[in-house]
Amino acid sequence: MSAASESERCFHCGEPGADASRWSVMIDGESRAMCCPGCKAIAETIVASGLKDYYRHRTHLPELTPADFAEEDLTARESLTLYDSDALQRRFVARNQGEQGNLAEATFIIDGISCAACAWLIEHRVGQLPGVEQAVLNLSTHRLVVRWQYDAIKVSSIAEAIYRLGYKASPFSATQDEEQRDREGKLAIRRLAVAGIGTMQVMMLAVPLYVGMAEQYEFFMRMASMVLTLPVVLFSARPFFDAAYRDLKTRHLTMDVPVSLAIALAFCSSIWSTFNMGKEIYFDSVCMFTFFLLLGRFMEMRARHRMGKAGNNLLTLLPNIALRVNAAGEEEVISSEDIMTGDLLRLKPGHAIPADGIVTEGRSSVDEAALTGEYLPIRKQPGDALIGGTFNVESPMLMKVTATGAEAQLSTIMRLMDRAQQEKPKAALIADRIASRFVLAVLLVSASVFTFWFLRGDDHAFFIALSVLVVTCPCALSLATPTALTAATATLRERGLLISKGHVLETLTQVNRVVFDKTGTLTQGRLTLEQVVPLANLNDAELTALVAGLEKHSTHPIARAFRSVRAADVTQVEQFAGQGIMGIHNAAPLRFGRADFAWPDAHLPQPDMSLPGQWLLLANGDQPLGWFRLNDSLRRNAADIIDGLKQRGIKVSLLTGDPGESGPRLARELGIDDLQKGVSPEQKLQAVRNWQAAGEVVLMVGDGINDVPVLAGANIALAVNEASDLAKTNADAMLTNGRLEILLTALDGAVKTRRIIIQNIGWALLYNLIALPVAAAGFVPPWAAAIGMSASSLIVVTNALRLTRLPVNRSEA
């Protein structure tokens, strides 16, 4: 600041050289000098967008010093620079996001949040930081997801901005989140216990005061009540006072302001009555008020912890240690946090896989039930992908690490879940806007009620106003939507549907047409051996062993149909593109593929060509040996899914790029009337746009790169679990277990979620509309107001938790 006075610096960027005569902007009624047209344009945009609070927060919030942090707090300001280390960021920062690859995304756990107004303040402030593209906070889980340009701002700067608002931010970690939940739960129980014991004791002392007693004992009973109430106010009610002080310091109102005001005023007025022998004291009301408020928040916290555990259970699957194989081939035990991309890890049977990778040696089965919901282990062999957090079941394997930390698939799933819960539907946005302004209205109404009763000479005017303060706090309104969305999203993920966009649950209720791709969507997307027709003196097992020997080292999709078969010894294998494969077995040639390649003789016994699938021939140098029919089999319960959609009044269409007869045959088998075959990706997209132009809401289910345009154009895009990475990126939701029948559960669950959100918001508004006039009329004492507010919030949370028990459809069972 010595180089230039404050008046010579640009009000926007702080650089010297500001010239108010050339560039200036009116901010809060004052002309602010700018250094250049760029800063002037940005400042005008900020003011025009209604974000001028940015400058107030920036200039009026004092810089923190080390003294402002506890010495034992590892997240103190001098330690925030640790967040900028690459080693630490590998755990919670995912880079190379976005089209240009210059974005990073991280999840923080925020401590100190009490209501929707807190969430708005944090989102608003962090979103104003330079380089930050998006900041969304989930009120149910207290997780803040920030997306920013990692070369424009440091992680430590984002964390410090949150600290300056009075909240604590720490990188999300499943283990640390669990520890924080434990600490939060234990402290909440202690505060609740103190408030409960204090309430019982003060109530015992209040009874004699109510019924009347000798004047010489009354002062003693009042003093005893005051002493017993003191720990309730100083310890149990401290969270309310801390939050209110923080909010007033940042000039932002949350529900903690009226709550703290009510407790403080009632306690102080009771002290005044005690020493001046006033008519009434309300120490019992203060204790009961605090107790019921804490009880309501405790129940909300338990529900929030329960819903947060669903996602955290994924990340806790990762083991703490791993076996790394060094260059000398020796095994060494390392921490999972020290795993680097490219490391070779030894996987022992029964142990968890510590990172994403590829099998380089060994064969085994892997249990992926925690991720996909599929209870049967999946066979893995060299070249197959492994996902961190799954379990090696049978045999040891060697894997090469391809992704760790925030880049791993489990972390990606967590971010997608958070994104889905944080992107708010219209009902949530309306509720947030109402809640953010409700607190000021509560204060004004309470002041008006006090003035009215005071002018009428009523001795209870003060306590009537306190009841209005308490009974109308917008807790239930703030919790109405996020609790329902979190519960529904977590339940569907456990069933096998990962929702990655927040609009999905809202849009699913409007879907009236579902469009399927064929290969890999309604079908398995891989060839399976359906039938063997021997033509020589060999049985089915012997014939398939010969083909398996030929296809053993082939990468052709046909080879996958014979992977599980014990292979015969075949040498000198050679592939012929578009025709087949050839090798030597017992010094005799073997050919497998098209009939004209394997046995060119036209006089050949033909199989039943009316059956679906592809017929291939195996022959040696002397004779044809057998026919093999391969087909892309239907997904399990595909017919039930189509029937279920039709029963819900939803139209079904099939778009396939296959010009052959397999599409019509599949449509007839499943009862799909609307079929378009041999269509290009552009034609698929045009078909969807035509339906949308006719007023239909389209859900597209696809898997391949050729489905990316139509997935992006549909109202909802669902990618199956085997889909290409590009298809998954453009999808709004993704199957994790291959069970397409979860679509029916999602449709029903979306309808139930919408109904519960409407019920919650309706109840919250109805409660306030009824409680406000009753409290303003003087019929609700402060302790009863606390019960009413807490009960209202508990009703909303309990109603939302019904979504954790979505019914199972018959086809899903």
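The sequence shown begins at 15 in my numbering and counts up one residue at a time.
Note that the Cβ used here is the ideal one computed from N, Cα and C, for glycine as well.
Query: Just to confirm the assignment, what range does the beta strand (DSSP E) spanning residue 410 have?; Result: Premise fails: residue 410 is in no beta strand (DSSP E) and is neither H nor E.
Query: May I ask you to verify whether the segment 746 to 759 touches the segment 772 to 785, counting CB pairs closer than 8 Å and requiring at least 3?; Result: no
Query: For residue 607, which beta-bridge partners are listed by DSSP?; Result: 594 and 631
Query: Using DSSP bridges, identify the partner residues of residue 640.; Result: 548 and 632
Query: Assuming residue 374 is part of the beta strand (DSSP E), what are its boundary residues?; Result: 370 to 375
Query: Nearest-angstrom Cα distance between residue 48 and residue 32?; Result: 5 Å
Query: Using a 10 Å radius around the Cβ and a threshold of 16 neighbouring Cβ atoms, would you call residue 378 buried or exposed?; Result: buried
Query: Between the C-alpha atoms of residue 681 and residue 145, what's the straight-line distance to the nearest angstrom?; Result: 50 Å
Query: Using CA atoms only, rank isn't needed, just tell me which of 628, 608, 546 and 424 is closest to residue 676.; Result: 628
Query: Could you please give the first and the last residue of the uninterrupted alpha helix (DSSP H) stretch that includes residue 121?; Result: Segment 117 to 125 is the beta strand (DSSP E) holding residue 121; no alpha helix (DSSP H) there.
Query: Let me check one thing: in DSSP terms, what residues is residue 716 bridge-paired to?; Result: 733
Query: Which same chain residues, not among the five before or five after residue 605, have their C-beta less than 7 Å away from its C-beta?; Result: 594, 596, 611, 612 and 633
Query: Is it true that the CB of residue 288 sits closer than 8 Å to the CB of residue 277?; Result: no
Query: Do the CB positions of residue 421 and residue 404 come within less than 8 Å of each other?; Result: no
Query: Please identify the residue among 360, 103, 286 and 635 whose C-alpha is closest to the C-alpha of residue 344.; Result: 360
Query: For the beta strand (DSSP E) that contains residue 669, what are its first and last residues?; Result: 665 to 670
Query: Look at the alpha carbon of residue 510 and the alpha carbon of residue 117, and state the distance between them as a whole number of angstroms.; Result: 29 Å
Query: Would DSSP call residue 814 helix, strand or coil?; Result: helix
Query: Taking all protein chains shown into account, do 16 or more other C-beta atoms lie within 10 angstroms of the C-beta of residue 641, making it buried, or fewer, making it exposed?; Result: buried
Query: Would you say the segment 135 to 145 touches the segment 171 to 185, given that touching needs at least three Cβ pairs under 8 Å?; Result: yes
Query: How big is the Cα-Cα spacing for residue 787 and residue 813?; Result: 26 Å
Query: Using a 10 Å radius around the Cβ and a threshold of 16 neighbouring Cβ atoms, would you call residue 85 buried or exposed?; Result: Legend: pLDDT at residue 85 = 40, less than 50; position of this residue unreliable, no value from coordinates given.
Query: Comparing the CB of residue 211 with every heavy atom of the ligand SAM, is any distance shorter than 7 Å?; Result: The ligand SAM is absent from the structure shown, which contains no ligand whatsoever.
Query: What is the rounded straight-line gap between the Cα of residue 371 and the Cα of residue 408?; Result: 18 Å
Query: Should residue 73 go down as buried or exposed, given a rule of 16 or more other Cβ atoms within 10 Å for buried?; Result: Below a pLDDT of 50, predicted positions are generally treated as unreliable, and residue 73, at 41, falls in that range; no measurement from the model is reported.
Query: Starting from the Cα of residue 523, find the closest Cα among 494, 119, 109 and 713 and give me that residue.; Result: 713
Query: Nearest by alpha-carbon distance to residue 246: which of 575, 262, 710 and 300 is it?; Result: 300
Query: With residue 787 as the anchor, note down where its alpha helix (DSSP H) starts and where it stops.; Result: 756 to 790
Query: By the DSSP assignment, the alpha helix (DSSP H) with residue 185 in it spans what residues?; Result: Premise fails: residue 185 lies in the beta strand (DSSP E), 182 to 185, not in any alpha helix (DSSP H).
Query: Beta carbon of residue 95, beta carbon of residue 106: below 8 Å?; Result: no
Query: Given residue 588, which residues of its chain have a CB within under 6 Å of its CB, disregarding the five upstream and five downstream residues?; Result: 596
Query: Only counting runs of 4 or more residues, tell me where the alpha helix (DSSP H) segments fall wholly within the segment 125 to 171, in order along the chain.; Result: 130 to 141
Query: Exposed or buried, what is residue 240 when buried is set at 16 or more other beta-carbons lying within 10 Å of its beta-carbon?; Result: buried
Query: Under the rule that 16 or more other beta-carbon atoms within 10 Å means buried, what is residue 231, buried or exposed?; Result: exposed
Query: Three or more beta-carbon pairs under 8 Å between the segment 653 to 672 and the segment 682 to 700, yes or no?; Result: yes
Query: Could you tell me the boundaries of the alpha helix (DSSP H) in which residue 688 lies?; Result: No alpha helix (DSSP H) contains residue 688, which is instead part of the beta strand (DSSP E) from 688 to 691.
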